[in-house]
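Undergrad:
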Amino acid sequence: SQTIHQWPATLVQPVGSPLSLECTVEGTSNPNLYWYRQAAGRGLQLLFYSVGIGQISSEVPQNLSASRPQDRQFILSSKKLLLSDSGFYLCAWTTARNTEAFFGQGTRLTVV
Amino acid sequence: GENVEQHPSTLSVQEGDSAVIKCTYSDSASNYFPWYKQELGKRPQLIIDIRSNVGEKKDQRIAVTLNKTAKHFSLHITETQPEDSAVYFCAASRSNYQLIWGAGTKLIIKP
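Taken in order, these protein sequences are the chains called Z and F. Take the first sequence: its letters are residues 1092 to 1203, numbered as in my numbering. Take the second sequence: its letters are residues 77 to 187, numbered as in my numbering.
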């Protein structure tokens, strides 16, 4: 069966520090991978998606970046965090377009 | 671009009653409409979805209806139970990778 791992679960980082969140998927090949951010009491905002190794599409201009170094690995990064980067970050995968999205457990990021 | 509006933001119903959550979308080319349930502090999980070639879909106590002309779709939960308490999100997508999400509805089931 397929599983998705996302870590860490919680993170407190000072303003200006770097960020690296990692997500890996097991049990499937060539998944579509996604990074979402969820502000408190709000819906999900798509940040990046990837349909293959090295292929990244950015949906929202910001100081975040994403990379996909391996087929089932998706990384969200920042060189310098802002207070506004605080939120709940969720990684997800799908087998194809417009199919069920499976989410990781999420990372609650607090920038102080 | 696509915009999805979801109402109400909070819904409180008596246990055993029905709950209805409504969403409207702006892009007439949208053709996929999922509903996700998110319990407090947990990940969203798909509960039901509908595609634009279908007007209604049911799965036990949950149903979704789609009105393409009016560009709105609704989630119906019958015989609500305490475990139905959660935040529910609607979303809409064209034939691409971009799901546009509603802001969510907090459903409270009163005992």
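The beta carbon of each residue, even a glycine, is placed where N, CA and C say it ideally should be. Quantities reported herein were computed from a predicted structural model and do not represent experimental measurements.
#1: Around the C-beta of asparagine 1189 of chain Z, are 16 or more other C-beta atoms found within 10 angstroms, so that it is buried, or is it exposed?
#2: Could you spell out the range, first to last residue, of the beta strand (DSSP E) harbouring glutamate 132 of chain F?
#3: At 7 Å on the CB atoms, spell out the chain Z contacts of tryptophan 177 of chain F, in chain order.
#4: Pick from Z:Tyr1140, Z:Ile1144, Z:Ser1092, Z:Ala1131: whose alpha carbon is nearest that of threonine 1198 of chain Z?
#5: My output table needs one value for serine 88 of chain F: the three-state DSSP class, helix, strand or coil.
#6: Tell me whether serine 1175 of chain Z sits in a helix, a strand or coil according to DSSP, three-state version.
#7: Run through chain Z and tell me which residues come within less than 8 Å of glutamine 174 of chain F, C-beta to C-beta.
#8: Nearest-angstrom Cα distance between serine 1148 of chain Z and valine 89 of chain F?
TA: Result, derived from the coordinates:
#1: buried
#2: 132 to 135
#3: Gly1134, Leu1135
#4: Z:Ala1131
#5: strand
#6: helix
#7: The answer, in chain order, is Leu1137, Tyr1140, Glu1150.
#8: 41 Å
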